[in-house]
Every structure is written in C-alpha cells, then in structure tokens.
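In numbering that gives the first Met the number 0, the protein residues as written are 0 to 432.
Even for Gly, the Cβ is constructed at its ideal location relative to N, Cα and C.
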Amino acid sequence: MICDNLSVSEKGHLLFAGQDTVEIAEKYGTPLYVLDEDKIREKCRAYKRAFARYFDERAIPLYASKANSFRRLYEIMTEEGMGIDVVSSGEIYTAYKAGFDLSKAYFHSNNKTDEDISFAMDHGVGCFVADNIEEVKAVETEASRRGIRQKMLLRLTPGIDPHSFEAVATGKVDSKFGTAIETGQALEITAETLKTEHIELMGFHCHVGSQVFTEDVFERAAVIMLEFAAEARDKLGFITRELDLGGGYGVRYVDSDPYLDIDTKVREVSQAVKGACRRLGLDLPEIHMEPGRSIVADAGLVLYTVGTVKKIPGYKNYVSVDGGMPDSPRYALYKSAYTIFVANKMKEPCTFKASVVGRCCESGDILQEDVMLPKSVGRYDTVALCTAGAYHYSMASRYNKIPIPATVMLRGGDESYIAVKGETLEDLIRNDL
Ligand SMILES: *Cc1c(COP(=O)(O)O)cnc(C)c1O
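Here it is in structure tokens:
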C-alpha cells in the first residue's frame, strides 16, 4: 500500500485509518473528502521532533495552509504547536476564527493587496514574507501609518531547478516568485528594506518547488541562501536571524514514488545548514520550513460512487464517478498521478483497464487515465482516490454548479466526525441577488 494508514479488511474493503471506507461512504454520502486526523498529528510531531533534534527549540515547522485549510485543521495545528503560512486574507480569517495565534503566522504571496496587508496587520500576523520591492514599500507605508514595526522576511530565488514538474517549480531565476540572488536584485532589495523605518528585517525565505524528491535540492538551496546571508553581512552589515527554507517534500501518489522519511530529510538539511554556517562564520539562524503536502496529503482520500461504466470496444473504457475535477482538479491541471481503488472489491484481481472520469461537461474532467480496476466494477461501487489530503479541498471549485463535498475526519480507529459540512444547493445561490 502507498501509505501505512491504508489496508484491506477480511471482507475485502479498503480500510483507511483503520476504518471501513465503504461504510464511511454509506454513512456520509459521496463524493466525500476523508482525513485521518491521527496521521496529520503524527506528521506534525515528526516535523517538530526533527526540528528540535537537528536545529534548536526556536525552529518550528510552519504548516502551509494552501494545502488544505479549514477551521478544525487550524485547531489541530494549535494543539500540535505548529506555526502556519498563509497567502490570503481568507486563510488568515479562517485561522483567526479557529483561534490560531497569528503571531505564529507567516504571510506569503507574490501580490499582497493593500487590503490584505491591512487585514493581516489588523489580525496581528507575526511576519510578512515580501516577494518584491513593491511589497516592501506597501508594507512600510501601512506600518508607518499605524506607527508599528512589522517583522519581515524577503523571499529570494536561489536559482535552483528542483526537477519536479514545471507548474510547481518556483525557485528558478525566471520564476514569478521572489527576488533573484543571481541578478543582484536580492542584495538591492535587502539594502532597500534595511533603509525603511517600520520594517524589522528578520532574514530570508525561499521555496524551491513542490512534490520534490530530487536529492539535495533543499541542501543546495540552504547553502545558497546562507552564502547570500554572508554576503548581506559583509556588504550591508545585516545579521540574518531567521531563515525559512519553504515547503516541498514529495509524497507517494503511486507505488513508484519513493518514500521520504521526515526525520532523515530534516537531518540532511540541518547538516547542510550547520556546515555552511560554520564555513561562513554565521550564527545558526532560527530555521523554519513550510511543509504542506507532506503533512496532509497521505492523510486524505476522496470517496466516490460509481455511476456509468462505458466500454468502447477497441478503444477505451470509462468509469464515471459522482465527483471529478471540481473536487479533485490536479489531474486536469497537471496530469498528476494517483492511486485509485474500488474500495468494496479490494480482493478482486484488477484486470480491467479504464479511465476514471468525473461528471462535468468537460472532456478534461478526468481523475486518472488507464488504471487497472476489478473487471466487475459497476454502478454503486465505492471508489477511493488516495493521497488526496492536499490540494483537493483547497483547490475545489463549483464548476457546473456542483456543491463542494463535506470533509469528514477519522480518529482513534473508530471515531468519525464532520469537520466541514458539504455544501447544499441552497449554498450555491446564497449570494445570488
Ligand atoms: C506551496 C508552498 C508551500 C508548501 O509546499 P508543499 O509542497 O505543499 O510542502 C510552502 N511555502 C510556500 C511559499 C509555498 O508556496
């Protein structure tokens, strides 16, 4: 199995977090987002433990909200002692409503509006991560108006290609994100920021990409960032107090994806960081990373019910389910690989090749092409799309006026509860005048 929270029961049903997914689908209806609360907590603890062990007590992981964001999740992040990163007023508001201590929030995005900046300051967001010089100026203006000093990191691009896929590679020089070190602009923006009166520059941030498996990408990024920190010290007299190395560790969507051990990965980064600090004569800054996917992805799946099965002899077979790209857009967006099971037929051999598709009027509404399923797959079977805890609910749309499904949380081996209600038809027209 691609993740240790998946198994098969005597009956041949898919178990997730020890619970029967077919029964969960019956109880709550489909399509349904399902999250394994214990797994989320386990991942948070793995990061926290590794950070404390390999860096120091100042180093805390920041959960990247964009992977999945709703009130209950921020309560869990509070309980687990995590920091968060946020990229919009909407994420700030959701965390705020969950009672999350926003002084532990880092505010990203490459284009913060004046409203966002003001909203974040109103709610006491601890640290802004400025993407470019215009943002620095906008934050300075607002902080000055309020008579405060705003903590800030500068997002830099270390010029690294993480060899994941293009849509999620963000650390290259030509990226829309951050300010490039290579072009000299990073040093300029640092100098400019240091001239402001109402910004307290804490250090630097980078994020090289997502779903990254490539050896030593984070280590190389860390070294480049620390070399820049040394340059900023030598040329500007600036002492870097914080270094945020972003998110991006890959997770297993299919059997061929490797398994990354959080403890090992954090240890490797820490060795690179500490080695570079020694070599460059820098004190170890407060280190952060921003895991999103690797905290919630394999803690989630989407359950569907099969409708029609269409066989086109000599061509292709289609299995249609009662959801699709509105709840799970990643295949439509970038052809992401997934593992799909027929959850009530786990003991049958998979000899039927089919594409699993959604119900939207869009031929790109595909969950996965050419997967192997049991030959008897048919109406009312339950389908599970695995590793779907990240970038599903948070990317959901209401295309074709399809309501966004509920999120159910599982915990303790036998408990389940609704964390986000499924939208109703009435919700779809709530704002229509
Ligand atoms: C997307 C993103 C993350 C999280 O990436 P994952 O691949 O989900 O770990 C962290 N930081 C920033 C700035 C991001 O844009």
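Near ligand 2: residue i beta-carbon under 8 Å from a heavy atom
| i | result |
| --- | --- |
| G247 | You won't find ligand 2 in this model; what it holds is ligand 1. |
Reduced DSSP secondary structure (H/G/I, E/B, other) of residue i
| i | result |
| --- | --- |
| E241 | strand |
| D321 | coil |
| G306 | strand |
| N399 | helix |
| L259 | coil |
| I147 | coil |
| T178 | strand |
| I59 | coil |
| D297 | helix |
| I1 | coil |
| C43 | helix |
| Y252 | coil |
| Q210 | coil |
| T381 | strand |
| G274 | helix |
| S327 | coil |
| D37 | helix |
CA-to-CA distance, residue j to residue i, given in whole angstroms
| i | j | result |
| --- | --- | --- |
| L34 | Y252 | 16 Å |
| R71 | P157 | 35 Å |
| N110 | F176 | 9 Å |
| C95 | Q149 | Position check: residue 95 holds Tyr in this sequence, whereas Cys was assumed. When rounded, the distance between both Cα atoms is 19 Å. |
| G245 | M224 | 12 Å |
| A395 | T178 | 30 Å |
| L384 | Y337 | 7 Å |
| Q184 | D84 | 24 Å |
| D113 | E199 | 19 Å |
| K38 | Y53 | 22 Å |
| F69 | F237 | 38 Å |
| K273 | T213 | 21 Å |
| D254 | Y390 | 20 Å |
| G18 | K10 | The question names Gly, but residue 18 in the sequence shown is Gln. Straight-line Cα distance between these residues: approximately 13 Å. |
| V21 | V341 | 10 Å |
| G447 | L259 | The first residue shown for the chain is 0 and the last is 432, placing residue 447 beyond what the model contains. |
| D160 | S335 | 19 Å |
| R329 | L13 | 23 Å |
| A275 | T263 | 19 Å |
Sequence-distant residues of its chain with Cβ nearer than 8 Å to residue i (five each side left out)
| i | result |
| --- | --- |
| S87 | S108 and D115 |
| D426 | P402 |
Beta-carbon proximity of residue i to residue j, cut-off 9 Å
| i | j | result |
| --- | --- | --- |
| M201 | F50 | no |
| L366 | I23 | no |
| R232 | P284 | no |
| F15 | L409 | yes |
| A97 | F106 | no |
| H197 | G146 | yes |
| G299 | V320 | no |
| F227 | V268 | no |
| I261 | D326 | no |
| D297 | G388 | yes |
Contact set for residue i: own chain, Cβ-Cβ below 6 Å, skip 5 residues either direction
| i | result |
| --- | --- |
| V7 | M345 |
| M460 | What the structure shows of the chain is the stretch from 0 to 432, and residue 460 is not part of that stretch, so it cannot be assessed. |
| K374 | T350 and F351 |
| I435 | For residue 435 there is no data in the structure shown, the boundaries of the chain being 0 and 432. |
| D139 | The amino acid at residue 139 is misidentified as Asp; the sequence shows Glu. Closer than 6 Å at the Cβ level, and outside the excluded window around E139, lie T195, H197 and I198. |
Same chain only: Cβ atoms within 7 Å of residue i, ignoring 5 sequence neighbours per side
| i | result |
| --- | --- |
| E134 | K111 |
| V355 | V318, V320, I339, L366, Q367, V370 and V382 |
| I132 | I188 and E191 |
| G123 | L101 and S102 |
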